[in-house]
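Note sheet for the following structure.
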Amino acid sequence: MLDFPRWKRIWLWSLLLVVALASLPSLASLSGVKWPEELPDPAINLGLDLAGGSHILLEADTSQIGAQRLESMEESVRTAMRTAEPSIRVGDVSTNDGRLSFMVESAADVDRARELLLPLVNGTGMVREWSLSVVDETRFVLTPTQQGLDAALDQAMDSAKDVIDRRINAIGTLEPTIIRQGENRIVVQAPGQQDPEALKALIGQTAKLEFKLVDMNALPSDVMAGNAPPGSQIYPYAADSPNAGQFIAVRRLGGIQGDNLVGAQQGFDSRDNTPVVNIQFDQQGAAKFARLTTENVNKPFAIILDGKVLSAPNINEPIRGGTAQISGGFTVESANQLAISLRSGALPVDLTVIEERTVGPDLGADSIRAGLIAMGIGTGLVLVLMFFTYGRFGLYADIALVLNVLMIMGIMAVMNATLTLPGIAGFVLTIGAAVDANVLINERIREERRKGRPVHSAIENGYREASRAIFDANITNVIAAMLLFLFGQGPVKGFAVVLVIGIITSVFTAVTLTRMWVAGWLRRTRPADINI
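All residue numbers for the sequence shown refer to the numbering used here, where the first residue is 299 and numbers rise by one.
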């Protein structure tokens, strides 16, 4: 138990030195000392409550979920009927009252149409998303179920949360907190982002990109009056488009969505050097884009972003390379922001900011100062108490406690972890509990000496017997901290991270390191008695 060969001592000291050195950049940052740029600088990130930043609460437009599902089902139904052998002709398609209804032209096709619709209605999940009925002999009515709508909303909100996370991380924000609140809200906390407007512009943009054929049969007078021909939609041009203030009619179905994008980068037009966004499709998207442009040469198609037409260029020739270019009066900054949004994926629903606030760094500085004061006072009192209670063994515990603080900071820096205000509370709690192990060990050694055991045997038995209780107690603490991390959100996770790291380092310093120091002292001095 007290045997420490040279290789083991070298390994333990090396590990301690590396981790302690990793804490120096963070200590320099907290004390206001500039860290040399040429040296590695792993540092602890500060959360929103310490570093300041932006807090935004977003709410989803849930009415869009039903409309999107109706449009998707309509396109699936038309495709299924068109590709059937022989094809089934449908008409009188309606999406009024949140239901999809249509008629088949021949009563003889009703049974065959039902068989084609059943896979679409049943889906692949456990929830029945649509109900199917036939009225008036040839009219099919597909009605979304409430369970299906709830499942779609839950999936859309999870997807929106992931998209926001990718967008914020793309601009280099450290450890953003993005959590769902209720059924249709998302909370976003971005430490270090002091400009909420820029953050809202990035995460609030739906970035829904569509390519749709222009309806050349639409009368300009009807388009300006907002009257769309059957099977078409009317969209306005974007405000920064050359055709701003005008409208255009496009085919509602049969276009290409931006879901198949695999890349988007800001670039410059080779003709006039204006900022543009270059996009790339995946294999499936490239095939769709090639088919669309091949079948519609010399026809215009509209590039639509979030319900606004950026441009409507003419298809001069088939585009088979899977790449395209989006222009529309961009600046370099707006083009780069759009590229980030497109790369991150489109939001499945529109999100509206219903609450926002900015936390200034001054409040965080006060919190850090108060936390450091509390930590300093608590550490000082513990150091004094341990030394006067246990003498030399208390001094070993004090040194282990200081090294424990450095190790916690070093490990958090290497992990690029975030320190929040609850994390500081976990820090202080860890310091207070770190000496528990040494108290148990020292009291056990006292008991062994009172039983008349020799010094070496008393110390060895003290460490051995106390270690069992120490490990049992700390394992239960780690389990509780892990549950906090798994089921908690935001600052609760920060508290759990600090607590877990602190438990592991405190056991290492309080048990392993002090045992190595005590073993070295015994080997050098071979005392006949100890004062503990």
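The beta carbon of each residue, even a glycine, is placed where N, CA and C say it ideally should be.
Only a predicted model underlies this, so the values are computations on that prediction, with no experimental measurement involved.
Enumerate in chain order the residues of its own chain whose CB-to-CB distance from residue i is below 7 Å, with the five nearest sequence positions on each side excluded.
{"i": "E615", "result": "V595"}
{"i": "S765", "result": "V809"}
{"i": "A458", "result": "A358, I484, L645, P646, V647 and L649"}
{"i": "R465", "result": "L500, I501, I638, S639 and S642"}
{"i": "P323", "result": "W333, D339, P340, A341 and A711"}
{"i": "S530", "result": "D513, A516, A547, V548, R549 and R550"}
{"i": "T393", "result": "L368 and E372"}
{"i": "E759", "result": "Looking at the sequence shown, residue 759 is not Glu but Asn. Closer than 7 Å at Cβ, skipping near neighbours: E746 and R751."}
{"i": "R478", "result": "M455, K459 and I484"}
{"i": "D696", "result": "L681, M684 and F685"}
Looking only at C-alpha atoms, which of the options sits nearest to residue i?
{"i": "I613", "options": "G605, D604 and Q623", "result": "Q623"}
{"i": "E508", "options": "V419, P720, W428 and A600", "result": "A600"}
{"i": "Q444", "options": "D452, T592 and V790", "result": "D452"}
{"i": "D463", "options": "A449, N482, L497 and S431", "result": "L497"}
{"i": "L681", "options": "A672, Y694, K597 and I671", "result": "Y694"}
{"i": "D339", "options": "L325, S352 and G350", "result": "L325"}
{"i": "T598", "options": "P527, R618 and K510", "result": "Thr is not the amino acid found at residue 598; the sequence shown has Pro there. When each option's Cα is compared against that of P598, the closest is K510."}
{"i": "A412", "options": "R397, V391 and T436", "result": "In the sequence as presented, Ala is not what sits at residue 412; that position holds Arg. Considering only alpha carbons, the answer is T436."}
{"i": "T656", "options": "R641, A488, N576 and Y688", "result": "A488"}
{"i": "L319", "options": "N702, E758, G721 and Q582", "result": "N702"}
{"i": "T591", "options": "D604, D580 and T621", "result": "T621"}
{"i": "I602", "options": "V630, I532, R618 and R641", "result": "I532"}
{"i": "A365", "options": "I477, D395 and R822", "result": "D395"}
{"i": "P442", "options": "I768, M455, L784 and R426", "result": "R426"}
{"i": "V651", "options": "N482, A585 and E763", "result": "N482"}
{"i": "F769", "options": "A450, A735 and S370", "result": "A735"}
{"i": "L811", "options": "A732, R751 and I777", "result": "A732"}
{"i": "I354", "options": "P303, I476, Q555 and W309", "result": "I476"}
{"i": "P303", "options": "W815, K749, N759 and V408", "result": "W815"}
{"i": "A610", "options": "A542, G480 and S519", "result": "A542"}
{"i": "E593", "options": "V432, E763, S755 and G553", "result": "G553"}
{"i": "E265", "options": "G350, W311 and R744", "result": "An answer regarding residue 265 cannot be provided, because it is not within the stretch 299 to 830 covered by the chain."}
{"i": "A833", "options": "A378, I308, V433 and T381", "result": "Outside the shown range of the chain (299 to 830) lies residue 833, about which nothing can therefore be said."}
{"i": "F545", "options": "P825, Q564 and K606", "result": "K606"}
{"i": "L679", "options": "V700, S755 and F785", "result": "V700"}
{"i": "L670", "options": "V331, L719 and M713", "result": "L719"}
{"i": "E631", "options": "K506, G619 and F566", "result": "F566"}
{"i": "N576", "options": "Q635, V521, K586 and A698", "result": "Q635"}
{"i": "A707", "options": "G800, P384, A526 and V408", "result": "For the sequence presented, residue 707 should be read as Met rather than Ala. Checked all of G800, P384, A526 and V408; the closest Cα to M707 is G800."}
{"i": "L782", "options": "G721, L356 and P527", "result": "G721"}
Can you tell me whether residue i is buried or exposed, with buried defined as 16 or more other CB within 10 angstroms of its CB?
{"i": "V796", "result": "buried"}
{"i": "G818", "result": "exposed"}
{"i": "D513", "result": "buried"}
{"i": "K306", "result": "exposed"}
{"i": "S361", "result": "exposed"}
{"i": "E495", "result": "exposed"}
{"i": "L398", "result": "buried"}
{"i": "I757", "result": "buried"}
{"i": "S500", "result": "This sequence places Leu at residue 500; Ser is not what is there. Its Cβ being crowded by 16 or more others within 10 Å, L500 is buried."}
{"i": "D460", "result": "exposed"}
{"i": "A450", "result": "buried"}
{"i": "L348", "result": "buried"}
{"i": "P789", "result": "buried"}
{"i": "G351", "result": "buried"}
{"i": "Q564", "result": "buried"}
{"i": "A668", "result": "exposed"}
Under 6 Å Cβ to Cβ from residue i, same chain only, skipping five residues before and after it: list those, please.
{"i": "G724", "result": "F793, V796 and L797"}
{"i": "M705", "result": "V317 and T803"}
{"i": "N420", "result": "none"}
{"i": "T677", "result": "I729"}
{"i": "V805", "result": "N772"}
{"i": "A672", "result": "V726"}
{"i": "R742", "result": "G760, E763 and A764"}
Round the Cβ separation of residue i and residue j to the nearest angstrom and send it over; I've been treating them as touching at under 8 Å.
{"i": "R813", "j": "Y761", "result": "5 Å"}
{"i": "A633", "j": "V560", "result": "At roughly 18 Å, the Cβ-Cβ gap does not stay under 8 Å, so A633 and V560 are not in contact."}
{"i": "A516", "j": "A547", "result": "4 Å"}
{"i": "A536", "j": "L608", "result": "5 Å"}
{"i": "L415", "j": "L430", "result": "6 Å"}
{"i": "G684", "j": "G674", "result": "The amino acid at residue 684 is misidentified as Gly; the sequence shows Met. In fact, because the Cβ distance is near 16 Å, the residues do not count as touching under 8 Å."}
{"i": "V402", "j": "V391", "result": "Not confirmed; about 11 Å, so no contact."}
{"i": "I830", "j": "N740", "result": "6 Å"}
{"i": "D827", "j": "V753", "result": "6 Å"}
{"i": "L440", "j": "S374", "result": "Incorrect: roughly 10 Å between the Cβ atoms, too far for contact."}
Closer than 8 Å by C-beta to residue i: which residues in its own chain qualify, once you throw out the five before and the five after it? Chain order, please.
{"i": "A378", "result": "L414, L415 and L418"}
{"i": "L820", "result": "L300, V753, H754 and I757"}
Every unbroken alpha helix (DSSP H) within the stretch 393–459, with a cutoff of 4 residues, ordered by chain: Listed in chain order, they are 408–420.
Secondary structure, alpha helix (DSSP H): runs of 4+ residues fully inside the stretch 479–560: 494–501 and 518–522
In chain order, each alpha helix (DSSP H) run of at least 4 residues that lies wholly inside the stretch 317–342: Qualifying alpha helix (DSSP H) stretches, in chain order: 322–329.
Sequence ranges, beta strand (DSSP E) only - wholly within the stretch 621–701, length at least 3: 621–624 and 649–657
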